[in-house]
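In the UniProt record's numbering, the protein residues as written are 1 to 360.
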């Protein structure tokens, strides 16, 4: 009966030809799309395939102590009016400010730190720059001092701008070095180089820190970068001060002004315990339950907890693909209820044994 019906459709109805041609078209289109690598729609995937994904690797970080910190003051800054710097050092330091420092000269100085003598003193840094700057100022920063330093280029030099873009020099380069020779042997980081932009008559972009570099005693250089937190978590980017993290084998000399070609060397906070306390109470943007503890790379958004990180492949803030991640702090291992009960039983047993010994 079914065969007779198919024969009748084949002989008398065009629907048979339409159905066969449509089926062949769908199969051919699926094969062509699969051949050229187009993804299969989500509705056609199986549940097992949708749940399977690769776990984001964890970046191995090394925590070191950074004795330097430098920020811009709250006052208005410009080339003619000067700028207020707010240093914070764990040891007595020397703050050296180079006005109109040559870009190429700074790049060569960074390379000389890797291949030649370490730039641990202001004198060595001046020699590495080959004195290619307009003006130099030095200040002594007390140990753990938070006093602001006002820096201004002398008016008698007659400098009101540093030329049109692209420029051959940075408006201001601030270098922090340790003043005590014994302290240079104690800390792995020996210098902090901060490149600062200041508005002038030719370029009115507001004052801001362009780059920050940490120079180590081994001749390595790390790029100090900020960590971006969600708007609920203070709504601003936190600079990763005052420590540099990253595998020592990955440290390479980097040139200022070529940020696109640099390796993504993330910096951890030296006072990890203090930051972990600050992070408490700041909920993960995914589960809204646990505290934020994960930094996503390369976007550097700090917005998820350890548990949610295991199920993420894209940043929930910017949707960028997550290549790596690292933890801000290692949370202590929590005891389970069974372990707590076992400990209580052991304590009670010890007290009973002590009571028996006392009676004897």
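In this text, a Cβ means the ideal position worked out from N, Cα and C, and glycines have one as well.
Counting Cβ pairs, one atom from each stretch, are 3 or more of them under 8 Å apart for the segment 113-127 and the segment 199-210? Segment contact: the segment 113-127 against the segment 199-210, fewer than three CB-CB distances shorter than 8 Å; contact not assigned.
Continuous beta strand (DSSP E) stretch holding residue 123: start and end: Within the chain shown, residue 123 is the residue found at index 123, counting from 1. First-last for residue 123: 122-129, but that is the alpha helix (DSSP H), not the beta strand (DSSP E).
Do residue 196 and residue 174 have their beta-carbon atoms positioned less than 8 Å apart in this structure? Mapped onto the chain shown, residue 174 falls at position 174. Mapped onto the chain shown, residue 196 falls at position 196. Cβ distance < 8 Å, so residue 174 and residue 196 count as in contact.
Along the alpha helix (DSSP H) that carries residue 113, what are the first and last residues, could you check? Residue 113 sits at position 113 when you count from the first residue of the chain shown. If you look at residue 113, you'll find it in the alpha helix (DSSP H) that goes 103-115.
Which residue wins for smallest C-alpha separation from residue 217, given the options 183, 226 and 299? On the chain shown, position 217 is the one that residue 217 refers to. The shortest C-alpha to C-alpha distance from residue 217 to any of 183, 226 and 299 is the one to 183.
Residue from 92, 74, 91 and 93 with nearest C-alpha to residue 84: Walking along the chain shown from the start, residue 84 turns up at place 84. Comparing Cα positions, the closest option is 74.
Taking the alpha carbon of residue 169 as the point to measure from, which residue in 210, 155, 146 and 145 has its own alpha carbon closest? As a working mapping, residue 169 is identified with position 169 in the chain shown. Ranking 210, 155, 146 and 145 by Cα distance to residue 169 puts 210 first.
Just to confirm, is the Cβ distance from residue 100 to residue 130 under 8 Å? Taking the chain shown and counting its residues from 1, one reaches residue 100 at position 100. Taking the chain shown and counting its residues from 1, one reaches residue 130 at position 130. Contact: no.
Could you name the residues of the same chain whose beta carbon sits closer than 7 Å to that of residue 164, not counting the 5 residues immediately before and after it, in chain order? Counted from its first residue, the chain shown places residue 164 at position 164. In the same chain as residue 164, and ignoring 5 residues on each side of it, the C-beta atoms closer than 7 Å to its own belong to 202, in chain order.
Residue 146 versus residue 178: straight-line alpha-carbon distance, rounded: Taking the chain shown and counting its residues from 1, one reaches residue 146 at position 146. Taking the chain shown and counting its residues from 1, one reaches residue 178 at position 178. When rounded, the separation of the alpha-carbon atoms in residue 146 and residue 178 is 16 Å.
Would you kindly work out how many angstroms separate the C-alpha atoms of residue 185 and residue 291, rounded to a whole number? Position 185 of the chain shown, counted from the first residue, corresponds to residue 185. Position 291 of the chain shown, counted from the first residue, corresponds to residue 291. Looking at the backbone, the Cα of residue 185 and that of residue 291 are separated by about 38 Å.
Among 128, 137 and 18, which residue has its Cα nearest to the Cα of residue 98? For this step, residue 98 is matched to residue 98 along the chain shown. Nearest C-alpha to residue 98: 137.
N-terminal and C-terminal residue of the alpha helix (DSSP H) that residue 69 is part of: To locate residue 69, count along the chain shown from 1; it is residue 69. Judged by DSSP secondary structure, residue 69 falls outside any alpha helix (DSSP H); it is assigned neither H nor E.
Answer with buried or exposed for residue 370, where buried requires no fewer than 16 other C-beta atoms within 10 angstroms of its C-beta. Since the displayed the chain opens at 1 and closes at 360, residue 370 lies outside it and no answer follows.
If contacts are defined as beta-carbon pairs under 8 Å, then residue 156 and residue 92 qualify, I think. What distance do you get, rounded to the angstrom? By one-based count along the chain shown, residue 156 stands at place 156. By one-based count along the chain shown, residue 92 stands at place 92. The Cβ separation is near 31 Å, so there is no contact.
Determine the direct distance from the alpha carbon of residue 125 to that of residue 109, and round the result to whole angstroms. To locate residue 109, count along the chain shown from 1; it is residue 109. To locate residue 125, count along the chain shown from 1; it is residue 125. Rounded to the nearest whole angstrom, the C-alpha separation of residue 109 and residue 125 is 7 Å.
Excluding the 5 residues flanking residue 260 on each side, which residues of the same chain have their C-beta closer than 8 Å to its C-beta? Looking up residue 260 in the chain shown gives position 260. Below a pLDDT of 50, predicted positions are generally treated as unreliable, and residue 260, at 35, falls in that range; the measurement from the model is reported next regardless. Nothing meets the Cβ criterion.
Burial state of residue 23, where buried means 16 or more other Cβ atoms lie within 10 Å: Translated into positions along the chain shown, residue 23 becomes position 23. Residue 23 comes out exposed.
Which residue's Cα is closest to the Cα of residue 152: 81, 215, 66 and 139? Numbered from 1 along the chain shown, position 152 holds the residue referred to as residue 152. When only C-alpha atoms are compared, the closest one is 81.
Starting from residue 291, trace the beta strand (DSSP E) both ways and give me its first and last residue. Taking the first residue of the chain shown as position 1, residue 291 is located at position 291. Careful: residue 291 lies outside any beta strand (DSSP E) and carries neither H nor E.
Just list the residues that DSSP pairs residue 82 with in beta bridges. What you label residue 82 is simply residue 82 of the chain shown in a count that begins at 1. In the DSSP output, where bridge partners are listed per residue, residue 82 has 78.
So, at 6 Å on beta carbons, what are the nonlocal neighbours of residue 293 in its own chain, with the 5 sequence-adjacent residues on each side left out? Locating residue 293 in the chain shown gives position 293, where the first residue counts as 1. By the criterion of a C-beta distance shorter than 6 Å, residue 293 is surrounded in its chain by 305, 306, 327 and 328, once the five residues flanking it on both sides are discounted.
What's the gap between the Cα of residue 324 and the Cα of residue 57? For the purposes of this step, residue 324 is identified with residue 324 of the chain shown, where counting begins at 1. For the purposes of this step, residue 57 is identified with residue 57 of the chain shown, where counting begins at 1. If you take the alpha carbons of residue 324 and residue 57, they lie about 5 Å apart.
Return the CA-CA distance between residue 181 and residue 71, expressed in angstroms with no decimal places. The residue you call residue 181 lines up with position 181 of the chain shown. The residue you call residue 71 lines up with position 71 of the chain shown. Roughly 25 Å between the two C-alpha positions.
If you count every other CB in all the chains shown that lies within 10 Å of the CB of residue 300, and 16 or more means buried, which is it? Here residue 300 is taken as the residue at index 300 of the chain shown, counted from 1. With 16 or more other Cβ atoms within 10 Å, it is buried.
Determine the DSSP secondary structure at residue 204, reduced to helix, strand or coil. Position 204 of the chain shown, counted from the start, is the residue given in the question as residue 204. DSSP places residue 204 in coil when its eight states are reduced to three.
CA-to-CA distance, residue 95 to residue 64, given in whole angstroms: Along the chain shown, one-based indexing puts residue 64 at 64. Along the chain shown, one-based indexing puts residue 95 at 95. Their backbone Cα atoms lie some 22 Å apart in a straight line.
Looking at the structure shown, is residue 180 part of a helix, part of a strand, or coil, going by DSSP? Here residue 180 refers to the residue found at position 180 of the chain shown. In the structure shown, residue 180 adopts coil according to DSSP, grouped into three states.
Buried or exposed: residue 113, going by 16 or more other Cβ atoms within 10 Å of its Cβ? The residue given as residue 113 occupies position 113 in the chain shown. Buried.
At the level of alpha carbons, what is the spacing between residue 171 and residue 128? On the chain shown, position 171 is the one that residue 171 refers to. On the chain shown, position 128 is the one that residue 128 refers to. About 18 Å.
So if DSSP puts residue 189 in a beta bridge, which residue, or which two residues, is it bridged to? Against the chain shown, residue 189 aligns to sequence position 189. Residue pairing of residue 189 in beta bridges, as defined by DSSP: 216.
Beta carbon of residue 90, beta carbon of residue 144: below 8 Å? Within the chain shown, numbered from 1, the residue matching residue 90 stands at position 90. Within the chain shown, numbered from 1, the residue matching residue 144 stands at position 144. Between residue 90 and residue 144, the gap from beta carbon to beta carbon is short of 8 Å.
With a CB to CB cut of under 7 Å and the five nearest residues on each side skipped, what residues in its chain are close to residue 219? For the purposes of this step, residue 219 is taken as residue 219 along the chain shown, with counting starting at 1. 113, 114 and 118.
Let me know the beta strand (DSSP E) ranges lying completely inside the segment 131-183, each 3 residues or longer, listed in chain order. Fully enclosed beta strand (DSSP E) runs of 3 or longer: 135-141, 149-151 and 169-178.
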